[in-house]
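Enquirer: Dumping the structure here so I can ask a few things about it.
Protein chains: 6
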Amino acid sequence: MLKTRLQSLALVALLGVTGTLSAAEATKPGYDRHARGMAALSTITGDGAGKMVESLRDVAPELSDWVIDFGYGDVVSRPELSLHTRELATVAALTALGNAQPQLKSHIKGALNAGCTPREIVEVIMQMAVYAGFPAAINGILAAKEVFAERGVKVEH
Amino acid sequence: MLKTRLQSLALVALLGVTGTLSAAEATKPGYDRHARGMAALSTITGDGAGKMVESLRDVAPELSDWVIDFGYGDVVSRPELSLHTRELATVAALTALGNAQPQLKSHIKGALNAGCTPREIVEVIMQMAVYAGFPAAINGILAAKEVFAERGVKVEH
Amino acid sequence: MLKTRLQSLALVALLGVTGTLSAAEATKPGYDRHARGMAALSTITGDGAGKMVESLRDVAPELSDWVIDFGYGDVVSRPELSLHTRELATVAALTALGNAQPQLKSHIKGALNAGCTPREIVEVIMQMAVYAGFPAAINGILAAKEVFAERGVKVEH
Amino acid sequence: MLKTRLQSLALVALLGVTGTLSAAEATKPGYDRHARGMAALSTITGDGAGKMVESLRDVAPELSDWVIDFGYGDVVSRPELSLHTRELATVAALTALGNAQPQLKSHIKGALNAGCTPREIVEVIMQMAVYAGFPAAINGILAAKEVFAERGVKVEH
Amino acid sequence: MLKTRLQSLALVALLGVTGTLSAAEATKPGYDRHARGMAALSTITGDGAGKMVESLRDVAPELSDWVIDFGYGDVVSRPELSLHTRELATVAALTALGNAQPQLKSHIKGALNAGCTPREIVEVIMQMAVYAGFPAAINGILAAKEVFAERGVKVEH
Amino acid sequence: MLKTRLQSLALVALLGVTGTLSAAEATKPGYDRHARGMAALSTITGDGAGKMVESLRDVAPELSDWVIDFGYGDVVSRPELSLHTRELATVAALTALGNAQPQLKSHIKGALNAGCTPREIVEVIMQMAVYAGFPAAINGILAAKEVFAERGVKVEH
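Residue numbers (numbering that gives the first Met the number 0), protein chains in the order written: chain D, 0 to 156; chain G, 0 to 156; chain U, 0 to 156; chain Z, 0 to 156; chain S, 0 to 156; chain V, 0 to 156.
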């Protein structure tokens, strides 16, 4: 647990203030897709590979690997956009789709871990009322409410 | 045309560098929902109320009003999040939903008008491959390709 | 209850003014699923089996039959709800789903053929802004605008 | 509780037999969006602002306001269509979308509160088997079954 | 329980090695839609009409009948494609839609009952990461994990 | 053109009768993700990398690479399921989603290229009427009708 925490902090330090990998880090020889994916995933989940990814491992270990290597290693860790913006975009998309509540909650946590404020998260979710309707936005806010309560964070008004 | 351009520039100036209304502007007496909505919509479309909103007016004028007053006046113009981030979130959501291509194209234009770079737009759309699948991301990129060609902008690599 | 039954019977005359089959018609021996389906489909399309259903026949004749026998014969022609209400419900659902524009246009025509006013159709579509977001509602209104233009009908304000 | 009940009854009386606000009521000076929204929402929920809307208030009070002012005040309370028809259209759309079960249950209750019979609600949900597939229709019926059990209502056959 | 098991085994025997009805069986006079549907449904659920279909009967008996007569009698039991392939296609579609988890679990069981291996089911679900995104695939695998645990089956690696 | 044709034929030969890569081929050192992806993609499109993937290259070359390396190299070319079954699963999913018609048409062609019969493709699409509704199935059949006409293939009845 401590180890995971330290590892996570080290990765956060690696990812730095803006929450992106430097282009140099991300492309240097030997810094491979898997390591890059683990770094990004760990920052987002705050607990290493994440419980959800781990829970896939006995039935579909390839899917776990694809999440890490492709999802986080190839895509999410690209330095051209900050993790901060990426997590807000993911929260927007999952709120709008409305059919993946466990992942929406994970990425609301991930947005907090990437340095988004509760206010920013709430704004993005509320905006989805315009693009995907009120039920989607309401269910998104209820997911955020649960995450904020677990984490003890408040939305400043 | 010139008038629209000037009006748009004036509104951009009003909205300022960060693309947000100041809280003071947005809430001062007499600066109402409709004016606030028109300012935000005009910045995003670059052509006043936007052709799509206008095209609704003879059949469903209330819907035009709701887009402006509620969608842009109440929601999108809130100063708690920049137009820049809001447009990226909207592009993410519409790419993921995949069932509103005309609006996706409008908001790719809107993202450019709000100061997003083509690179940021492409990154957000590509990221949707992870959260909504490749067909959604591919159709999003093809929409962006059309908009970029119309606007003569290039994605820097 | 009796009143409803009588009303339903009165609404008869093989689809008649209100566009429902009488319970008596619908259940009498020999009045089979296919005939009942054709009657309902013909009222809704205004052109017999409908061009879309016909266009399926060479590749997937079973699907044509299922549309008629199951979709219209078993479900849509049930006398417990008027065709008028059924078509508004279908317009609502297809507007909200946003991924079947040809069918949405067919059912906007169908709603007119079942006696719905353009105003009722517009109200139901606009309401979807609340439940499925503005892009869905806007694309629904644009579909209605096309149908109303083809049919030369006006929305009274 | 009693107060809420009386308020709700008073609002039902105001909304009258057809479940619509009279055009005169709805547009008279001083009868504003919020009051109109509260009247419609209260009729639909049967318990004032509704538990779901209230539950948003600490995290996203603006979203609560938008539901009431825009969703119910601007859209759902429009007198051009009865609440009865509006609720059936909403039940159709939410059944078809299939990704907002809490809201579907709320609107099945709302449909009962607006005077729809259980039979009408069941017919609209079953019809969605044709337009959105059997899983959507089955999950809609299971939601209705729960609501009908809570309310002690029966579907007449 | 034993009776159900035997009945199920008898139906499996009737449906034969490939899991399809012979064209002769399926079309012979007197072998009607309902019987054909019950045979296919029973093979897929392994428990006669299936708990879900039964649970609809008091509120919406027509929907139960349509599932059996149309869904299984007209469509799923067609001999032109094996039940094995049909169940994999259904698992693919329900994973991609992501809004009908109870039905997805039923059809993962159904796929096992139709003779699909756990490996084939996992492969089809994982493939949906490409076409519908990772959240859909992950939620599909978690559904499979639950079903495999209940049934005591393992995925061979 | 000829070169592409020959390359494609060579790859079809490599993929062999069952349309799968042998496990030995797929995992031998030096046979990398990209080559494996190109082999699978080429078999499915029948024209090398496919026009759609190529059309992404100037705006989003990374997305092209991900389609080939991840989508086809990691996922679709896995030998645990035949390309034949994979393409039917993809056709099922894209028909059900109903929001990616260009990709649906590509994969109907891909299913033919992987050795599926027009009858199998039609059966899978028609089955989606049960799981995703008639509009989805009808639009799927109309896509198949276009592809079959282009390719001059007939559905045997």
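Even glycine gets a Cβ: it sits at the ideal position worked out from N, Cα and C.
(1) I'd like the span of the alpha helix (DSSP H) that includes residue 92 (chain G), first residue to last.
(2) If distances are taken between C-alpha atoms only, which option among V:124, V:66, V:95 comes closest to residue 73 (chain D)?
(3) May I have the straight-line CA-CA distance separating residue 100 (chain Z) from residue 146 (chain G), to the nearest angstrom?
(4) Assign residue 151 (chain V) to buried or exposed, taking buried as 16 or more other Cβ atoms, counted over all protein chains shown, within 10 Å of its Cβ.
(5) Would you kindly work out how many angstroms separate the C-alpha atoms of residue 45 (chain S) and residue 35 (chain S), rounded to a whole number?
(6) Counting only Cβ-Cβ distances shorter than 8 Å, please list the residues of the region 57-85 of chain V near chain Z, keeping chain order.
(7) Leaving out five residues on either side along the sequence, give the residues of the same chain with a beta carbon under 6 Å from the beta carbon of residue 154 (chain D).
(8) Assign residue 134 (chain U) to buried or exposed, taking buried as 16 or more other Cβ atoms, counted over all protein chains shown, within 10 Å of its Cβ.
(9) Hey, how far is the Cα of residue 83 (chain Z) from the Cα of residue 126 (chain U)?
(10) Measuring alpha carbon to alpha carbon, tell me which residue in D:108, D:85, D:115 is nearest residue 130 (chain G).
(11) Judging by CA-CA distance, which residue of Z:144, Z:98, Z:142, Z:106 is the nearest neighbour of residue 39 (chain Z)?
(12) Alpha carbon to alpha carbon, how far is residue 91 (chain D) from residue 80 (chain G)? Give it in angstroms, no decimals.
(13) Is there a Cβ of chain D sitting closer than 8 Å to that of residue 39 (chain G), yes or no?
(14) Could you tell me whether the Cβ atoms of residue 110 (chain U) and residue 62 (chain G) are closer together than 8 Å?
(15) Closer than 8 Å, CB to CB, is residue 111 (chain G) near chain U or not?
(16) Measuring CB to CB, does residue 58 (chain V) end up less than 8 Å from residue 140 (chain G)?
(17) Do the CB positions of residue 142 (chain U) and residue 104 (chain U) come within less than 8 Å of each other?
(18) Which stretch, first to last residue, makes up the alpha helix (DSSP H) that contains residue 55 (chain V)?
(19) Quick one: Cα of residue 97 (chain V) to Cα of residue 78 (chain Z), how far?
(20) Does chain U have any CB closer than 8 Å to the CB of residue 142 (chain D)?
(21) Is the CB-CB distance between residue 113 (chain D) and residue 87 (chain G) below 8 Å?
(22) Less than 8 Å separating the beta-carbons of residue 179 (chain V) and residue 47 (chain Z)?
(23) Find out if the Cβ-Cβ distance for the pair residue 148 (chain S), residue 94 (chain S) is shorter than 8 Å.
(24) Would you say residue 139 (chain U) faces chain D, with C-beta separation under 8 Å as the test?
(25) Looking only at C-alpha atoms, which of G:55, G:115, G:31, G:49 sits nearest to residue 68 (chain G)?
(26) Please confirm whether residue 95 (chain U) has its beta-carbon closer than 8 Å to some beta-carbon of chain Z.
(27) Alpha carbon to alpha carbon, what distance is there between residue 52 (chain D) and residue 71 (chain G)?
(28) Tell me the rounded alpha-carbon separation between residue 156 (chain V) and residue 115 (chain S).
(29) With a threshold of 8 Å between beta carbons, is residue 135 (chain V) in contact with chain U?
(30) In three-state DSSP terms, what is residue 32 (chain D)?
(31) 8 Å is my cut-off, CB to CB: does residue 131 (chain Z) come that close to chain V?
(32) By alpha-carbon positions, which one of V:75, V:55, V:56 ends up nearest to residue 42 (chain V)?
(33) Are any of the Cβ atoms in chain D nearer than 8 Å to that of residue 87 (chain G)?
(34) When burial is assigned at 16 or more other CB atoms within 10 Å of the CB, is residue 37 (chain S) buried or exposed?
Expert: Checking against the coordinates, here is how it stands:
(1) In the DSSP assignment, residue 92 (chain G) falls within the unbroken alpha helix (DSSP H) covering 82-96.
(2) It is V:66.
(3) So the alpha carbons of these two residues sit roughly 37 Å apart.
(4) By the neighbour-count rule (16 or more Cβ atoms within 10 Å), residue 151 (chain V) is not buried but exposed.
(5) As the crow flies, the alpha-carbon of residue 45 (chain S) is around 15 Å from that of residue 35 (chain S).
(6) Residues passing the 8 Å Cβ filter: none.
(7) Answer for residue 154 (chain D): 117, 118, 121, listed in chain order.
(8) Buried.
(9) Each residue's CA atom was taken as its position, placing residue 83 (chain Z) and residue 126 (chain U) some 13 Å apart.
(10) That would be D:85, whose Cα lies nearest to the Cα of residue 130 (chain G).
(11) Restricting attention to Z:144, Z:98, Z:142, Z:106, the CA atom closest to the CA of residue 39 (chain Z) is found in Z:106.
(12) Each residue's alpha carbon lies about 13 Å from the other.
(13) No - not a single Cβ of chain D is within 8 Å of the one on residue 39 (chain G).
(14) Contact flag unset, no.
(15) Output row for residue 111 (chain G): interface = no.
(16) Yes, the Cβ-Cβ distance between residue 58 (chain V) and residue 140 (chain G) is below 8 Å.
(17) It is a contact, given that the beta carbons lie within the stated cut-off.
(18) Per DSSP, residue 55 (chain V) is not a residue of any alpha helix (DSSP H), being assigned neither H nor E.
(19) So the alpha carbons of these two residues sit roughly 34 Å apart.
(20) Closer than 8 Å: no.
(21) The beta carbons of residue 113 (chain D) and residue 87 (chain G) sit no closer together than 8 Å.
(22) With chain V running from 0 to 156 in the structure shown, residue 179 (chain V) is simply not present.
(23) Cβ distance not < 8 Å, so residue 148 (chain S) and residue 94 (chain S) don't count as in contact.
(24) Residue 139 (chain U) does not count as touching chain D.
(25) For residue 68 (chain G), the closest alpha carbon among the candidates G:55, G:115, G:31, G:49 is that of G:31.
(26) Yes, because at least one Cβ of chain Z sits closer than 8 Å to the Cβ of residue 95 (chain U).
(27) When only Cα atoms are considered, residue 71 (chain G) and residue 52 (chain D) end up about 38 Å apart.
(28) Taking C-alpha positions only, residue 156 (chain V) is separated from residue 115 (chain S) by approximately 27 Å.
(29) A Cβ of chain U is located within less than 8 Å of the beta carbon of residue 135 (chain V).
(30) Here residue 32 (chain D) sits in helix by DSSP.
(31) Interface residue, yes.
(32) Closest option to residue 42 (chain V), Cα to Cα, is V:75.
(33) The beta carbon of residue 87 (chain G) falls within 8 Å of a beta carbon belonging to chain D, placing the residue at that interface.
(34) Its Cβ being crowded by 16 or more others within 10 Å, residue 37 (chain S) is buried.
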